[in-house]
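So for the sequence shown, our numbering puts the first residue at 765; every next one is plus one. Single-structure report; data block below.
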Amino acid sequence: DDNAAWQAFTKGGFQDLKPENSSRRWATFYNFPAIKAGDVIKKEFKTTSPEPMQAFMLNQRRRLFQDRLVRAALTYPFDFETMNRTLFYNSNTRTQSYFQGTELASSGLPQGKELEILEKYRDKLPPELFTQEFKLPVYDSPQAERKYLKQAVDLFAQAGWAIKGGKMVNAKTGEPFKFEVLGAADTDQVISSPWIANLRKIGVDATLRIIDPTQYINRRNNFDYDVIIGQLGQSESPGNEQRDFWSSKAADTPGSRNYSGIKSPVVDALVDRIIFATDRDDLIATTHALDRVLLWNYYTVPQYYRAVVWLAYWNKFGMPEKQPTYRGADIDSWWIDPAKEKALAAKYKGLN
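Shown next, in the form of structure tokens:
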């Protein structure tokens, strides 16, 4: 198990290199004797590759999530800044785009060719898409929680929901606003719990259910969930895979990655234009447009990414001075330094 692997690495002789994914362990566990002696190196390798969109995927196949105002309201209680500080040791960055870390990410207001493309669909798009820069809430002050939870309540009210007796209910029918986040790992609980806690402060009956991985995959493939945490990876050259992410056809295709159940003629048209783009400029402008449409429709609640690779390794390697930033570190380009290996072997009684 993970703990046994960790113990084996710290003692030497069983594992020379350890990729790390745990913020807590990276920040607090790397203080064992070999680290202090300089015999194990703990190093951060920066990456410049496209970052995946990790997010709460709101399943629009459920009637509850079909109103854009409701989906927008669900975005405001996600307090990334406090989570990053208290759970992740400030190691993550908020995701602001479905094409994060690339020139394909939208920014500012639409202009030039992107604006020209979007104008064709103006009557089918949120008006603010053309007049406001898309921004996610930033919990950067003690007053932020009150401010953003109020904005969430206001958006719910515009969509026909109200708080009655401490519960968010449909103003006409009295139906409670209730949903479940489905997960398969302990990390799903870590990520979901703060969001759920804030949602409950405004009367939303949100819960988390952790099931075994096999069950989870089956339910995800059949879109049998309210909300899941999903990841969608991108490249610098988007193409056919965009249909699997966003198209109306994929929304009805079991096993597709259209986790949010998006069915939008505008999105379909933009995806087709990306696939058949005539040149790089057209591809960039159309992808900017798609990114902006996806963001302003609040199909997901974006989470975060980490633009580094964390590696710890026994100090027995030589490596090229420059590592490829698109992947952070290329361990296949490293080599064993005989002198370093011999010194470690002597110091650690042959274990290395």
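Ideal Cβ placement from N, Cα and C applies to all residues, glycine included.
Secondary structure of R1070 (DSSP, three-state): coil.
Cβ contact annotation for N1004 (same chain, cutoff 8 Å, sequence separation greater than five): I1039, in chain order.
Bounds of any beta strand (DSSP E) do not take in L833; it lies within the alpha helix (DSSP H) bounded by 832-839. If you compare the alpha carbons of K810, F796, S999 with that of R1091, the shortest gap goes to K810. Straight-line measurement puts the Cα of G1025 at about 8 Å from the Cα of D1016.
Counted as a single uninterrupted DSSP element, the stretch harbouring M1083 is not any alpha helix (DSSP H), since DSSP gives it neither H nor E. Between A949 and the set N934, I975, V968, the nearest pair of CA atoms involves I975. Within the segment 882-911, the complete alpha helix (DSSP H) runs of at least 4 residues fall at 892-895.
By the Cβ rule, the segment 848-859 counts as touching the segment 1054-1071, because three or more pairs are nearer than 8 Å.
Inclusion of L996 and P816 in the CB contact set at 8 Å is warranted, their separation being smaller than that value.
Counting C-beta pairs closer than 8 Å gives three or more between the segment 912-920 and the segment 962-980, which meets the contact rule.
Within the DSSP bridge table, the entry for T971 names E944 as partners. Annotation for W770: the continuous alpha helix (DSSP H) segment containing it runs 766-775. Ranked by Cα distance from F987, the first of I1100, D904, R1037, R825 is R825. Less than 8 Å separates the beta-carbon of A1049 from that of G876. Comparing C-alpha distances from N785 to each of V1073, D1094, F941 shows the shortest one belongs to V1073. Close CB contacts of A869 within its chain, under the 7 Å cut and outside five residues either way in sequence, are with S861, F863, D1055 (chain order). A Cβ-Cβ distance of about 5 Å is found for the pair Y840 and P901, placing them in contact under the 8 Å criterion.
Y1112 is not bridged by DSSP to any residue.
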